[in-house]
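Number of protein chains: 2
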Amino acid sequence: MADAPLSEFDLIARFFTGRDRGPGIVLGVGDDCTLLSPRRGQELAVSVDTMVCGTHFFPDQPAAAIGHKALAAAVSDLAAMGAEPLGALLALTLPKADEAWLAAFAQGMGALADRLRVPLIGGDTTRGPLAISVTVIGHLPAGAALRRSGAEPGNLVVVSGSLGGAFAGLQAEQQRRETGGEPPEAEDPLRERFFRPEPRIALGKALRGRTRTAIDISDGLLADLGHVCDASDCGATLQADSIPRDPLLAEWPAGSALAAALSGGDDYELLFAWPARQRGELRPLASALQLPLTVIGEFTREPGVRVLDEAGQPIALAGQGFDHFRAD
Amino acid sequence: MADAPLSEFDLIARFFTGRDRGPGIVLGVGDDCTLLSPRRGQELAVSVDTMVCGTHFFPDQPAAAIGHKALAAAVSDLAAMGAEPLGALLALTLPKADEAWLAAFAQGMGALADRLRVPLIGGDTTRGPLAISVTVIGHLPAGAALRRSGAEPGNLVVVSGSLGGAFAGLQAEQQRRETGGEPPEAEDPLRERFFRPEPRIALGKALRGRTRTAIDISDGLLADLGHVCDASDCGATLQADSIPRDPLLAEWPAGSALAAALSGGDDYELLFAWPARQRGELRPLASALQLPLTVIGEFTREPGVRVLDEAGQPIALAGQGFDHFRAD
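The listed protein sequences derive, respectively, from chains A and B.
Here the working numbering is used: the first residue of the first sequence is 1, the next is one more, and so on.
Here the working numbering is used: the first residue of the second sequence is 1001, the next is one more, and so on.
In structure tokens, the structure reads:
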């Protein structure tokens, strides 16, 4: 019932070596706990995210992409609070020792960790069905966190980047598997949107002090906007034609493309509330961040989320999940 | 590829409700991250521990015991550093919605969390093979952490409680299963030592400032003492007859009982270094904590771990794992 001695330990140790240092880290990997020394006046933001083989990724998906996405999805929760990463802990459950898989997984996660400056400060390796649980710890000035609450009627609804690309990538990948097609090149942009989301840490940080309200779009625009409306005790009205659709959806039927952008999920863009009279500040902010920021509607006193077409008529929403894509 | 909407969410939410508050918790469950406000002058200790069905527990093990042990094993790492719990995050992967199982699991984890005052400050529920990953965050005065390093030749090797009981419980449970015996009563002491270890938080806290070196015995006495010796650049000599054996081993053959105490694992007692000239302070400390503290040997300049019999002769150690139990 105990863990077999895993040769993975060595590889994981190698993977963490030198990656467990950073500001505020008193003691890295190798003891019963990691020790952190928070800066005075800072609050800590903490979150955990699990990805399970077959539920969140394909068993034969490139291991580097799995490593990337497991860390990206967790770090995205820090971005949504306006926190900067202090470190991440990796709980990795593996069916067997597979050095090539582990090396690629570690490379994918390590490359993102290095680029985003997320020290890998702890972990646990166990034997079992493939799953990855990543805990992230971030910090931010006390009182500055972006929450789901705080949006006010009249505030603009703004999203970063474009939406629906991850869903387009997933659909393409599923179709390829059903038809037995060859895997595309490693850097295929269609798959990359699903395989390698980019957490918006710089945007989250920039939003601190400018708004109180943000969320990351992991469940889909409608679902996550719904969370904000619930927490903020308000509703929202969106303009369908203002919702930024991923270029990958360009050749999709209009209805399907809209549905993908509204409900596709896994995009890890940020949605935030923005005071209407500061609308003019969005463009320079987008410019500084080199990231599109698009006003897609506004928060309302009336509860619920509505999406209006070009004529101002409400579009019937079949649901906030995936099912309605099939009927398109 | 996304999570199906789980009815478990409701149950988990109920489980967390009211348990996500405590000193230093600014924002509990329900946003992208939990927010913590560390006290000035405190360091944070962080660790993650995963338990996988079939590897760490039996599929039909009582769910309450699984919930207890998942939290206990993680919190034990805080105890080993001398840290007090600030909170725990639960990443729960479940094959299906089973309300009765979840209620019992939540009850078992929740009862321990309440008793040890560990707020449950976050989590993630996903669909997949049963596994539980618990991240714990603790705090302690800066510089006061107990590490694996720092033991010096001449220091006494001390352990809390008794050893081998968890292994005895595991053996009994395995035998029962092989012979098709009826499950014992819920509170059977033999199983409880394996099912419900007790993290030694009060001891870890009391050791701060009195020693620099501690570890929890999760892998087994020899293995974990080996970790301390490696980190402290020293060795250790133990007296076999001084090692406190769990009363559950009373009727075992002497050799098997010693092997269980030396290598059984899963006891979650603490092992620590203690200055020889403060030996007299151990008894009042044990008395205050109502927990046996036993000197079992001393750290040495000579590397490696040796176990001596009553005649002072070294006992041949077949290994530090489980295999040699079978040849007894």
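Yeah, the Cβ is synthetic: ideal placement off N, Cα and C, and Gly gets one too.
Quiz prompt | Touching by the beta-carbon criterion (3+ pairs, under 8 Å), the stretch 1098–1116 of chain B and the stretch 1145–1154 of chain B | solution = no
Self-check item: Within 8 Å, strictly: CB atoms of G30/A and R21/A
Solution: no
Self-check item: Proximity below 8 Å, CB of L238/A to CB of L308/A
Solution: yes
Self-check item: E43/A and L156/A closer than 8 Å at C-beta
Solution: no
Quiz prompt | Sufficient close CB pairs (3 or more, under 8 Å) joining the stretch 31–42 of chain A to the stretch 1035–1053 of chain B | solution = yes
Self-check item: Partners in chain A for A1168/B, counting only beta-carbon separations shorter than 7 Å
Solution: Chain A residues near A1168/B: none, gap ~13 Å exceeds 7 Å.
Quiz item: Whole-angstrom Cβ separation of C33/A and D1077/B, contact assumed at under 8 Å?
Solution: 5 Å
Quiz prompt | Span separating the alpha-carbon of A72/A from that of A13/A | solution = 21 Å
Self-check item: Cutoff 8 Å; reference L248/A; Cβ partners in own chain excluding five residues on either side
Solution: G164, G165, A168, G169, P189, L190, R193
Practice problem: Return the CA-CA distance between E198/A and Y268/A, expressed in angstroms with no decimal places. | Solution: 7 Å
Quiz item: How big is the Cα-Cα spacing for S1256/B and R1279/B?
Solution: 30 Å
Practice problem: In angstroms with no decimal places, state the Cα-to-Cα distance between G229/A and A151/A. | Solution: Strictly speaking, residue 229/A in this sequence is Cys, with Gly absent from that position. Cα-Cα distance, rounded: 8 Å.
Quiz item: With 8 Å set as the bound, which would you pick, yes or no: does the beta-carbon of E1043/B sit closer than that to a beta-carbon of chain A?
Solution: yes
Quiz item: Which ranges would you report for the beta strand (DSSP E) in the stretch 1222–1308 of chain B if only whole runs of at least 3 residues count?
Solution: 1235–1239, 1269–1274, 1293–1300, 1304–1308
Quiz item: Which runs of the alpha helix (DSSP H) fall wholly inside the stretch 1062–1096 of chain B and span at least 4 residues, in chain order?
Solution: 1063–1081
Exercise. Using 10 angstroms around the beta-carbon of G110/A, count the other beta-carbons present and answer buried if the total reaches 16, otherwise exposed.
Key: buried
Practice problem: Evaluate the contact criterion for the stretch 281–288 of chain A versus the stretch 211–228 of chain A: three or more CB pairs, one atom per stretch, below 8 Å. | Solution: no
Quiz prompt | Residue(s) in a DSSP beta bridge with S1160/B | solution = L1293/B
Practice problem: Measure the beta-carbon distance from G1123/B to V48/A and round it to whole angstroms, keeping in mind my assumption that it falls under 8 Å. | Solution: 6 Å
Quiz item: Just by C-beta distance, which residues in the stretch 1209–1227 of chain B are closer than 7 Å to chain A?
Solution: I1215, D1216
Self-check item: Residue-chain proximity (C33/A, chain B), Cβ-Cβ < 8 Å
Solution: yes
Exercise. Have a look at A1276/B and R1210/B and give me their C-alpha separation to the nearest angstrom.
Key: C-alpha separation (whole angstroms): 12 Å.
Exercise. Below 8 Å on the Cβ atoms is my guess for L1270/B versus A1079/B; work out the distance and round it to an integer in Å.
Key: 6 Å
Self-check item: Where I137/A meets chain B, residues with beta-carbon distance less than 7 Å
Solution: V1046
Self-check item: Against chain B: residues of the stretch 144–168 of chain A by CB proximity under 7 Å
Solution: Of all residues in the stretch 144–168 of chain A, the ones placed with a Cβ closer than 7 Å to any Cβ belonging to chain B are A145, R147, R148, in chain order.
Quiz prompt | Nearest neighbour of G1138/B, chosen from L1086/B, D1233/B, S1160/B [CA to CA] | solution = L1086/B
Practice problem: Please check if any C-beta of chain B sits within less than 8 Å of the C-beta of D77/A. | Solution: Interface residue, yes.
Practice problem: Please work out which residues of its chain come closer than 6 Å, Cβ to Cβ, to G1128/B, disregarding the five sequence neighbours upstream and downstream, and give them in chain order. | Solution: T1093
Practice problem: Using a threshold of 8 Å, state whether the C-beta atoms of V118/A and L90/A are closer than that. | Solution: no
Exercise. Answer with buried or exposed for Q174/A, where buried requires no fewer than 16 other C-beta atoms within 10 angstroms of its C-beta.
Key: exposed
Practice problem: Indicate the three-state DSSP secondary structure (helix, strand or coil) for P1189/B in the structure shown. | Solution: helix
Quiz prompt | Contact with chain B by D60/A, beta-carbon distance below 8 Å | solution = no
Quiz item: If you measure from the beta carbon of V1335/B to each beta carbon in chain A, is any gap under 8 Å?
Solution: Beyond the ends of chain B as shown, which are 1001 and 1328, falls residue 1335/B; an answer cannot be given.
Quiz item: By Cβ distance, which residues of its chain are closer than 8 Å to D1224/B, with the 5 residues on each side in sequence left out?
Solution: Closer than 8 Å at the Cβ level, and outside the excluded window around D1224/B, lie I1215, D1216, I1217, S1218, L1271.
Quiz prompt | Rounded distance between the beta-carbons of L116/A and I201/A, thought under 8 Å | solution = About 6 Å; that satisfies the 8 Å criterion.
Quiz item: According to the neighbour-count rule (16 or more other Cβ atoms, all chains shown, within 10 Å of its Cβ), is D1060/B buried or exposed?
Solution: exposed
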